[in-house]
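One structure is given below, encoded as structure tokens.
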Amino acid sequence: MNLKKLIVLVTFSLLTAALSVAHAQSYPGLQWDGYQKWYHVTFEAPNTGDPTGFVGKRHGGTKGYREIYINSTGEATNKMAKAFPYPVGTVVVKESYNSKALWGKRKKPLLTIMVKLPKGSAPSTNDWEFYMGGNGKKKGHGIDSKWGKFCTDCHINAAGKDFVFINSDFLANE
Ligand code: HEC
6 MNLKKLIVLV TFSLLTAALS VAHAQSYPGL QWDGYQKWYH VTFEAPNTGD PTGFVGKRHG
66 GTKGYREIYI NSTGEATNKM AKAFPYPVGT VVVKESYNSK ALWGKRKKPL LTIMVKLPKG
126 SAPSTNDWEF YMGGNGKKKG HGIDSKWGKF CTDCHINAAG KDFVFINSDF LANE
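Position one of the sequence shown corresponds to residue 6 (the numbering used here), numbered consecutively onward.
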């Protein structure tokens, strides 16, 4: 390779690296700020289709592409190295993209988030607070709140795993 080609290649690589950093949106002051650096549950491949049989039309439906991240508090439980329930302070973030193309660009995912509250805060949602949209405005815990009920009505299907569908045992069996 001649020098000119090498310079073009290096410049191009630096530019793409800079662009991918620019895509990592930040959420200052919110509990999921910087989640892109957490343990990446779906590190092998994004979830698509309906591997659990429960996604229906939610989370982008069967054509959606989904990436899941979990903070260090919940990482060991997700890897099944610690027993359920998830520890207080666990934060699970799921990005949904409506198509493979949008996932490819990693552009503006819809975020849905679960945060484990102190024990006894909301027994009907297993002490999970649910967030929709990523800006923190749509949230709720307890079956009597709108989002608490909406999310729990389906996540209750994963009650044996403390409401979290995708743990390492599930990925291993996929
Ligand atoms: C109709 C069922 C359904 C509803 C309603 C639903 N989810 Fe989910 N959710 C799923 C399924 C199934 C998965 C597993 C991921 C997959 O299939 O890609 C999941 C995964 C997740 C995950 C990743 C952790 C896990 O369980 O694997 C989070 C976080 C999440 N959902 C948050 C929410 C929030 C917040 C709401 C309410 C705004 C919600 N979900 C509503 C079905 C649902």
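Beta carbons: idealized from backbone N, C-alpha and C, even for Gly.
Spanning the alpha carbons of Asn-76 and Gly-39 requires a straight line of approximately 10 Å.
In the three-state reduction of the DSSP assignment, Tyr-32 falls in the coil class, being assigned neither a helical nor a strand state.
Straight-line spacing of the CA atoms in Thr-53 and Arg-63 works out to 12 Å. Only residues of its own chain outside the window of five on either side were considered, and among them Thr-78, Gly-79, Thr-82, Lys-121 have a CB closer than 8 Å to the CB of Pro-92, listed in chain order.
In terms of Cβ geometry, Asp-167 and Phe-89 form a close pair [threshold 7 Å]. Remark: C-beta atoms of Met-85 and Asp-158 do not approach each other more closely than 7 Å. In the three-state DSSP reduction, Tyr-91 falls in the coil class, being neither helix nor strand. The set of residues whose C-beta lies within less than 5 Å of a heavy atom of the ligand HEC reads, in chain order, Asn-52, Thr-57, Phe-59, Val-60, Gly-61, Arg-63, Arg-71, Ile-73, Val-97, Lys-99, Thr-117, Met-119, Phe-135, Met-137, Cys-156, Cys-159, Val-169, Phe-170, Ile-171. For Trp-108, the secondary structure class from DSSP, reduced to helix, strand or coil, is helix. Boundaries for Phe-135: no alpha helix (DSSP H) harbours it, while the beta strand (DSSP E) harbouring it runs 133 to 137, taken from the DSSP string.
Within 10 angstroms of the beta-carbon of Lys-99 lie 16 or more other beta-carbons, which makes it buried.
Under the 10 Å beta carbon count, Thr-130 is surrounded by 16 or more other beta carbons and is classified as buried. CA-CA distance, Glu-134 to Lys-105, rounds to 29 Å.
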